[in-house]
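Notes follow once the structure below has been shown.
In full-length UniProt numbering, the protein residues as written are 1 to 521.
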């Protein structure tokens, strides 16, 4: 048995290599997802060929699908949606990016510190780079999705663990309402006062000036980085909130996963993925992007996880600009079918209402910054940021025109010695490449209704990069929520036993039909 499997694996290698070199898509529209929640399943959906391509879904997941029952084919139960109480919805979205240096996570790796934020989020968007080593075997050969499964398991445990629930409950019980202090009081109490709550942050921005508000964010960030981590406050009930995987997708070392609160999942539709390789020969996946598109309450979201061209030689920033242009040009979200009554679904990144761009963008400090070492010793980040290539290129209009990024108050995220707080350039006897420290790992956004309220970095020493995260306030207009439209088919899903999910499903979009207003034959 094992001999046969090895033969099959070896015989498939030439095909895999040929497809990659010729840029022939192979399962590019497939991704992993929790299709139901907590094992609650409804009827089995009927497909055209009705072979092994089906899914198990909640009864009220979509309206208008044909389902198979003992008595034949019938229309699924219509569940009228109650009218919205308000015309708008405000959510919190956590976005994180981390280059893990080709290392697979071990069981004891604690990622809760990275996933902590001033307030619990409703959506978690987590992007990784180099989840596998970028060697010839991984770039040209079959995909190694073992590390991705381990990361998903760690994230699922961190977001849904009993320990997280207890921490939230304790923080909620300890939280007290306080009036907004002045900027002077904030400085005096910075060493004593715990991290400010999410609600207080939003209210203070209106009461304080821009400079004082930014100072507050900086103090808030420093209070959590020095000493023991501060508790995270939540403005609502400490009730248990579980998360499910909306979508995850891997391309070589790039990996992107989107997690949502389970009660939000029923409002998500049109999940799509798209991969663009910008590496070797301009097409292989050692560099490039993985993107997820989705609709939430009829607002379209796009999350773009990227790993751009590396290098700190003069002119390398031009190649990174070119990568961004190629990703914007070549990212396409396919549609299974077109329905006249179906709401518009974007096919390109910039067609979405709200876009988040995250990843190891690899922009370095411009050559000629002779006083880098002195500025590092003084923690003078603002002076170093004047030499940041991304900001220089963006101000010149050569890349990310019209995009936004929050102000940076944290140290450069690359390149560190293994399991150390020292940069490689600070150690004279290091055998590693003596890279000048830089803010390689970034998060940008574009679109109305997105407001960044937190931008910081984690301190895990797992790789030579430090993880970066941001918390967004997301405003969604629900005024046109009840317009009757047909919901498009989800793309192909695939669940694998390694993910140990209670509700995996495999769906092929081209085999699913929505037939509103027609009777089954």
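Glycine is no exception: its CB is placed at the ideal position from the N, C-alpha and C atoms.
If residue i sits next to residue j, beta carbons under 8 Å apart, how far is it from one beta carbon to the other, in whole angstroms?
{"i": "residue 548", "j": "residue 468", "result": "Absent from the structure is residue 548, since the part of the chain shown begins at 1 and ends at 521."}
{"i": "residue 326", "j": "residue 292", "result": "Incorrect: roughly 18 Å between the Cβ atoms, too far for contact."}
{"i": "residue 389", "j": "residue 363", "result": "4 Å"}
{"i": "residue 131", "j": "residue 95", "result": "Contact doesn't hold; Cβ gap of about 18 Å is too wide."}
{"i": "residue 304", "j": "residue 268", "result": "Residue 304 to residue 268, Cβ: 18 Å. No contact."}
{"i": "residue 103", "j": "residue 344", "result": "Their Cβ separation, rounded to whole angstroms, is 42 Å, which puts residue 103 and residue 344 out of contact at 8 Å."}
{"i": "residue 476", "j": "residue 372", "result": "The pair is not a contact, with the Cβ atoms about 43 Å apart (cut-off 8 Å)."}
{"i": "residue 280", "j": "residue 139", "result": "7 Å"}
{"i": "residue 272", "j": "residue 354", "result": "15 Å between Cβ atoms; not a contact."}
{"i": "residue 446", "j": "residue 403", "result": "5 Å"}
What did DSSP end up calling residue i once you bin it into helix, strand or coil?
{"i": "residue 441", "result": "strand"}
{"i": "residue 386", "result": "coil"}
{"i": "residue 455", "result": "strand"}
{"i": "residue 261", "result": "strand"}
{"i": "residue 123", "result": "strand"}
{"i": "residue 392", "result": "helix"}
{"i": "residue 313", "result": "coil"}
{"i": "residue 323", "result": "helix"}
{"i": "residue 273", "result": "strand"}
{"i": "residue 103", "result": "coil"}
{"i": "residue 150", "result": "helix"}
{"i": "residue 284", "result": "coil"}
{"i": "residue 375", "result": "helix"}
{"i": "residue 399", "result": "coil"}
{"i": "residue 157", "result": "helix"}
{"i": "residue 266", "result": "coil"}
{"i": "residue 358", "result": "strand"}
{"i": "residue 446", "result": "strand"}
{"i": "residue 365", "result": "strand"}
When the Cα atoms are used, what is the spatial distance from residue i to residue j?
{"i": "residue 284", "j": "residue 333", "result": "19 Å"}
{"i": "residue 408", "j": "residue 112", "result": "22 Å"}
{"i": "residue 243", "j": "residue 34", "result": "10 Å"}
{"i": "residue 108", "j": "residue 479", "result": "46 Å"}
{"i": "residue 117", "j": "residue 471", "result": "7 Å"}
{"i": "residue 347", "j": "residue 301", "result": "12 Å"}
{"i": "residue 137", "j": "residue 286", "result": "11 Å"}
{"i": "residue 414", "j": "residue 349", "result": "28 Å"}
{"i": "residue 257", "j": "residue 247", "result": "6 Å"}
{"i": "residue 378", "j": "residue 426", "result": "14 Å"}
{"i": "residue 254", "j": "residue 98", "result": "10 Å"}
{"i": "residue 442", "j": "residue 266", "result": "31 Å"}
{"i": "residue 263", "j": "residue 396", "result": "43 Å"}
{"i": "residue 91", "j": "residue 121", "result": "8 Å"}
{"i": "residue 161", "j": "residue 314", "result": "47 Å"}
{"i": "residue 88", "j": "residue 143", "result": "42 Å"}
{"i": "residue 400", "j": "residue 124", "result": "23 Å"}
{"i": "residue 119", "j": "residue 410", "result": "19 Å"}
{"i": "residue 383", "j": "residue 365", "result": "11 Å"}
{"i": "residue 114", "j": "residue 154", "result": "12 Å"}
{"i": "residue 368", "j": "residue 416", "result": "21 Å"}
{"i": "residue 457", "j": "residue 391", "result": "19 Å"}
{"i": "residue 141", "j": "residue 86", "result": "51 Å"}
Under the DSSP definition of a beta bridge, which residues are partnered with residue i?
{"i": "residue 409", "result": "DSSP, once it has assigned bridges, lists no residue as partnering residue 409."}
{"i": "residue 128", "result": "98 and 255"}
{"i": "residue 90", "result": "475"}
{"i": "residue 293", "result": "272 and 302"}
{"i": "residue 247", "result": "258"}
{"i": "residue 115", "result": "Per DSSP, none; premise fails for residue 115."}
{"i": "residue 423", "result": "416"}
{"i": "residue 307", "result": "288 and 360"}
{"i": "residue 470", "result": "95 and 455"}
Looking at C-alpha atoms only, which residue of the options is the closest neighbour of residue i?
{"i": "residue 27", "options": "263, 250 and 476", "result": "250"}
{"i": "residue 360", "options": "293, 128, 298 and 396", "result": "128"}
{"i": "residue 398", "options": "378, 442, 452 and 319", "result": "319"}
{"i": "residue 330", "options": "290, 150 and 301", "result": "290"}
{"i": "residue 295", "options": "160, 86, 385 and 351", "result": "351"}
{"i": "residue 412", "options": "392, 400 and 375", "result": "375"}
{"i": "residue 323", "options": "308, 313, 335 and 314", "result": "308"}
{"i": "residue 439", "options": "452, 419, 405 and 448", "result": "405"}
{"i": "residue 522", "options": "106, 160, 372 and 368", "result": "Residue 522 is absent from the structure shown; the chain starts at 1 and stops at 521."}
{"i": "residue 311", "options": "434, 461 and 402", "result": "434"}
{"i": "residue 317", "options": "145, 393 and 464", "result": "393"}
{"i": "residue 31", "options": "133, 270, 158 and 93", "result": "270"}
{"i": "residue 158", "options": "134, 245 and 146", "result": "245"}
{"i": "residue 261", "options": "93, 455, 447 and 86", "result": "93"}
{"i": "residue 29", "options": "335, 306 and 297", "result": "335"}
{"i": "residue 465", "options": "420, 448 and 447", "result": "420"}
{"i": "residue 145", "options": "110, 297, 252 and 134", "result": "252"}
{"i": "residue 288", "options": "259, 297 and 321", "result": "321"}
Is residue i near the ligand NAP, going by C-beta to nearest heavy atom under 8 Å?
{"i": "residue 247", "result": "The model depicted lacks the ligand NAP and carries no ligand whatsoever."}
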